[in-house]
Every structure is written in structure tokens, then in C-alpha cells.
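Remember, our numbering sits 47 above the position in the sequence shown when you count from 1. Glycine included, every Cβ here is placed at the ideal spot set by N, Cα and C.
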Amino acid sequence: MNNTMELNQRKIENTLITLRKRFEENTFRHKSISWTDVEKKIIKSDRIIKSIYNMEATGGEPDVIDFNPITNTYSIVDCSKESPLNRRSLLYDYMAQISSVRTKNTNAMDESLKYGAQLLTEKEYLLLQSIESLDNKSSSWIKTPEYIRNSGAALYGQSSFGRVFIHFNPAKTSYTSRGFRTILKV
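Shown next, in the form of C-alpha cells:
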């Protein structure tokens, strides 16, 4: 999806309606956050609306999960039960892509930037998993610290046996059940 595309008024309205409905149906994710406050931040920027649209269009089912009073930002995260289908079978980043014999695969880092968002960090992934159990049949690449990435590996998270696991694989591997989740701070 081209992030530079112009969203017409109908797509903007539908994106806001979908996000609001999900927000209202899943209050356990954001108990003390007001939709009115979130919406004020979202409608200030076409870039934010495009990012949310892209998250939704690729199966992420974005929702608000956190508010940071110090930075005055809300965290909008992909909350789909499993890693979004439209974002699977990807390598971790561009370096993995050029070192892989299967260079036809794109990579999670570049794709997340196309959506105008970022991969979740380990801390953000664990926060999301503390709110609800996700990735029980799939896994998601997460932002990997440079010292780990320099070794050729990348981190991913998943939930099994009632707990969350953070593990690693070579960054140049792709799995049909591994995708990525994004976060947008507004």
C-alpha cells in the first residue's frame, strides 16, 4: 500500500468509525482513556489517519492501549488476535533481505515504515500481552536491539502455555506464521 496516497473523506470517516467502535467494544485495553481525547489527537494530522488506515487495511485491528502523561501520547497498537495475515512470511529487515537467498521476500522493518508506524519493542509487546493474550498460533517480529541484530539474529514474541515468550531466529528467515505488529504514538 502506498503511504503517500490521498485518503478521501469517506475513508477517513470509516477509519475513525472503525477505530471508535473497537475502542468502545474493548474498554479493558484502555480503562481510563477517553475517546474524545484520543480523537482530538488523531484528527490533527493526515499522517496519523493514514497510518491508522494502513494498520487497519492490513489486518492489524488497531486500538489504543496506553497513555503516557509525561509525553502526552497515546499508543495505538495492532490488537488482532494473531499476527496479521497480510504481514506474514517476511524477513526481519533490509540487511536480512539482501543476505537471504530468497530476496523476493520483503521485510518487516521496511513494511512497518510504509504504514507510518514502527515495530513494537520488547517492552511494548509485553505490555500488549499483559492486556490480552495474542499470538497464540502465530508470532510477531519485534524491534531488536542493535547488539543482537549485529549477531545476525532478530527477536520475536509469541504466547504459548499461558505465558509470553521472547525468542530469536536468524533475521533472514521467514515463517508463514510470523508477521509483525506495529505501534503508532499520537
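For residue i: DSSP bridge partner residues
| i | result |
| --- | --- |
| residue 212 | 205 |
| residue 225 | 186 |
| residue 29 | Nothing about residue 29 can be reported from this structure: the residues present for the chain run from 48 to 233 only. |
| residue 232 | 122 |
| residue 217 | 200 |
| residue 73 | Its beta-bridge partners do not exist; DSSP assigns none. |
| residue 154 | 138 |
Residue i vs residue j beta-carbon contact at 8 Å
| i | j | result |
| --- | --- | --- |
| residue 107 | residue 131 | yes |
| residue 167 | residue 189 | yes |
| residue 123 | residue 231 | yes |
| residue 18 | residue 105 | Past the boundaries of the shown model lies residue 18; the chain is included only from 48 to 233, so the question cannot be answered. |
| residue 141 | residue 88 | no |
| residue 165 | residue 74 | no |
Which of helix, strand or coil DSSP assigns to residue i
| i | result |
| --- | --- |
| residue 132 | helix |
| residue 104 | helix |
| residue 165 | strand |
| residue 113 | strand |
| residue 138 | strand |
| residue 61 | helix |
| residue 68 | helix |
| residue 79 | coil |
Residue of the options minimising C-alpha distance to residue i
| i | options | result |
| --- | --- | --- |
| residue 60 | 209, 96 and 147 | 96 |
| residue 223 | 135, 205 and 213 | 135 |
| residue 64 | 210, 99 and 216 | 99 |
| residue 213 | 84, 183, 72 and 81 | 183 |
| residue 171 | 81, 208, 143 and 125 | 125 |
| residue 103 | 69, 147, 74 and 176 | 69 |
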